[in-house]
Every structure is written in structure tokens, then in C-alpha cells.
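See below for the structure under consideration.
Number of protein chains: 2
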Amino acid sequence: MVKYSSALNRTFAALADPTRRRILAHLARGDKCVTHLAKPHAMSLPAVSKHLRVLEKAGLLRRRRYGRVHEMRLDAKPLRQAAQWVEEYRKFWQGSLDRLAEYLEKENRPPEKRKTK
Amino acid sequence: MVKYSSALNRTFAALADPTRRRILAHLARGDKCVTHLAKPHAMSLPAVSKHLRVLEKAGLLRRRRYGRVHEMRLDAKPLRQAAQWVEEYRKFWQGSLDRLAEYLEKENRPPEKRKTK
DNA sequence: CTATTAGTTAACCAGATGGTTAAATATTCT
DNA sequence: AGAATATTTAACCATCTGGTTAACTAATAG
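So the protein lines, in turn, are chains A and B. Taking the numbering used here as reference, the numbering of the first sequence is continuous, increasing by one, and the terminal residue is 117. Taking the numbering used here as reference, the numbering of the second sequence is continuous, increasing by one, and the terminal residue is 117.
Now the structure itself:
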């Protein structure tokens with residue numbers, strides 16, 4: 001039912017870094033080449049290059065070379081599986097406030113037989 | 001608009017590990033204590049304990065002690081923000097097959113002026 | 001009291017991650 | 001050809017990660 005594929009590993013891991021999420025946001029807005037994508041990030045070009053490779057390996061971007069310029073393109077397909085995974089827990093966050101209250105309520109009520117000393 | 005909160009970092013990072021996703025699945029099915037959650041995972045109890053702490057710090061589970069037993073409870077609220085983040089890219093994966101085709105199509109068409117040698 | 005059970009903490013280790021600078025590669029400009 | 005531009009690769013480094021085993025704490029059972 002739920003698959004623990006390494007694709008999901010790579011997708012979530014790629015998304016766990018704020019720089020990479022920013023890069024995805026810029027890609028979504030149409031930015032393309034490495035230098036351009038790197039500019040707003042206070043870090044060296046090789047650092048950005050590494051982030052791009054992580055995103056690429058996660059399948060979140062496609063790269064195409066035109067001469068020395070690498071044109072990047074967002075490919076959000078891997079996010080679909082991630083979204084599906086997360087969605088399975090929707091019912092849990094929907095009811096979570098209620099269940100948290102219930103949870104806190106049984107402060108002094110043990111889950112099963114308990115010696116209470 | 002899009003926030004790069006460390007909460008999102010922690011959520012995605014927590015989700016990037018298959019053992020932790022399995023643990024969340026077990027929690028969703030009602031399992032509670034550490035020993036019980038650890039059993040199906042071919043690893044030591046301290047290892048599972050660490051995973052639980054990661055999930056806890058990400059806010060994905062709540063812990064309550066009853067004597068020596070730690071009762072865990074899934075809290076999926078952090079997944080909500082994650083889902084929202086991912087959802088922003090829905091339009092990109094919805095149209096991605098079309099746009100990929102278009103992308104591959106311009107195989108020989110440069111993105112802008114290009115010397116073509 | 002002693003043994004067992006539940007779980008964490010400590011110390012350690014190998015490998016991954018996220019960054020750096022310097023050098024290399026490839027392409028375009030003049 | 002030579003200079004500038006776009007980007008990667010290499011080498012290095014500190015920190016994080018995911019696992020181990022051993023020792024510890026706390027609580028229940030006999």
C-alpha cells in the first residue's frame with residue numbers, strides 16, 4: 001500500500017533544504033540558467049551547482065545544455081508522489097486538534113492497568 | 001508568500017527517511033509504545049529511539065509517559081504546511097507531460113540568439 | 001530485595017551533506 | 001589566438017545522520 005521507495009527519499013530530502021526550495025520557486029517563476037539561479041543565494045556557484053545536481057537526481061529538474069549555458073526546467077512530477085504520501089495523513093491533521101484535546105484530557109487516566117503506585 | 005521556515009526543513013527531513021515514514025504509518029494504525037514500534041524494524045532500540053526523537057522535534061508525534069512506557073501519538077499537523085508547499089507546484093506536475101514534450105521538441109531550437117557554430 | 005522490562009544516554013563510527021576555494025573545461029566574444 | 005563567460009570538478013573541511021554497543025535510569029513483577 002504505502003511504498004517506501006527511494007524516489008520518495010530523494011524527493012523529501014531534496015525538499016528539506018531551504019536553498020533548494022528557493023531554487024524550485026525561482027524555476028517555477030521561469031528562471032533558467034545556473035548563474036541566474038545562483039545570484040539571489042549568498043553562496044558560491046559550486047554550492048548552487050551541487051544543489052542543482054541534488055534536485056536533478058531527485059527528478060525535480062531537467063537540464064539541457066545550450067553551449068556553455070545550462071538551461072534548467074522544473075519538473076514537478078516527483079512532487080506528485082510526495083503529495084499522495086502526505087495526503088494519506090490528511091485525516092490525522094484534520095482531527096488533530098480534537099484528538100490532542102482528548103489526549104491531554106486523559107492526563108491522569110492510564111492507557112491500561114497501571115499500578116499508580 | 002512562500003516561507004522557508006525551519007519547521008518545513010524539519011518536516012521534510014523527517015519524512016526523507018523510510019524508517020521514519022514506516023514509523024508514522026504504524027502510529028497511524030494505532031501502535032503506541034517504543035518497543036512495539038521498534039519490533040518490525042531490523043535495527044536496535046536506540047536507533048528507533050533516535051528516529052522517534054527526530055519525529056518528535058519535527059512535531060510529528062507527541063509523547064506521553066505512563067510509568068516506564070512512552071505512549072506515542074501521531075500529530076500530523078506539520079504535514080499540513082508541507083502539503084500546502086507541495087500543492088503550490090501542482091500546476092507544474094499537471095502540465096508536466098505536455099511541457100516536457102514541448103521541451104524535448106525544441107531540441108534544435110536554441111533558447112535565444114545562438115551562434116550554432 | 002532482586003530480576004525483568006522500557007526506554008534513554010553516552011561514546012563511537014562511517015558516510016552523507018553543505019559549504020568553501022582553486023583549478024579545469026567548454027564555449028563565446030573580440 | 002587570446003580573453004571572458006558559464007559551469008563543473010576536485011580537494012578539503014565541519015557538521016549532521018543513522019547506525020552500533022555498553023551502560024544507565026526508572027518502573028513493574030515476583
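Glycine residues also receive a C-beta, built at the ideal position from the N, C-alpha and C atoms. This structure is a prediction, so every number in the text was calculated from the model and none was measured.
Which first and last residues belong to the alpha helix (DSSP H) in which residue i is found?
i                     : result
residue 74 of chain A : Looking at the DSSP string, residue 74 of chain A is not in any alpha helix (DSSP H); the run it does join, the beta strand (DSSP E), is 69-74.
residue 64 of chain A : Careful: residue 64 of chain A lies outside any alpha helix (DSSP H), inside the beta strand (DSSP E) at 61-66.
residue 36 of chain B : 34-38
residue 21 of chain B : 18-28
residue 51 of chain A : 45-57
residue 88 of chain A : No alpha helix (DSSP H) holds residue 88 of chain A; DSSP gives it neither H nor E.
residue 42 of chain A : Per DSSP, residue 42 of chain A belongs to no alpha helix (DSSP H) and is neither H nor E.
Where does residue i land, buried or exposed, given buried means 16+ other C-beta within 10 angstroms?
i                      : result
residue 76 of chain B  : buried
residue 72 of chain B  : buried
residue 20 of chain B  : buried
residue 61 of chain B  : buried
residue 45 of chain A  : exposed
residue 36 of chain B  : exposed
residue 42 of chain A  : exposed
residue 47 of chain A  : exposed
residue 108 of chain A : Only weak support is given to the placement of residue 108 of chain A: the predicted model assigns it a pLDDT of 38, under 50, and the value that follows is read from those uncertain coordinates. So residue 108 of chain A ends up on the exposed side.
Determine the chain B residues that contact residue i at a beta-carbon separation under 7 Å, and present them in chain order.
i                     : result
residue 80 of chain A : 93
Quick one: which chain B residues come within Cβ less than 8 Å of residue i?
i                     : result
residue 87 of chain A : 83
residue 55 of chain A : Residues of chain B passing the Cβ test: none, with the nearest at roughly 12 Å.
Mind pulling the chain A residues with CB within less than 9 Å of residue i?
i                     : result
residue 61 of chain B : None at all; the shortest Cβ gap to chain A is about 11 Å.
Going by Cα to Cα distance, which pick from the options is closest to residue i?
i                     : options                   : result
residue 11 of chain B : B/18, B/95 and B/79       : B/79
residue 66 of chain B : B/47, B/83, B/95 and B/34 : B/34
residue 14 of chain A : A/42, A/39 and A/50       : A/50
residue 18 of chain B : A/93, A/69 and A/82       : A/82
residue 70 of chain B : B/32, B/26, B/55 and B/92 : B/32
residue 95 of chain B : A/55, A/28, A/8 and A/93  : A/28
residue 53 of chain A : A/86, A/23, A/39 and A/89 : A/23
I want to verify the contact list: residues of chain A whose CB lies under 7 Å from the CB of residue i, in sequence order.
i                     : result
residue 28 of chain B : 89 and 92
residue 42 of chain B : Within chain A, no residue comes near residue 42 of chain B; the closest Cβ sits about 13 Å away, beyond 7 Å.
residue 58 of chain B : Under the 7 Å cutoff, chain A gives no residues; its nearest Cβ is about 10 Å from residue 58 of chain B.
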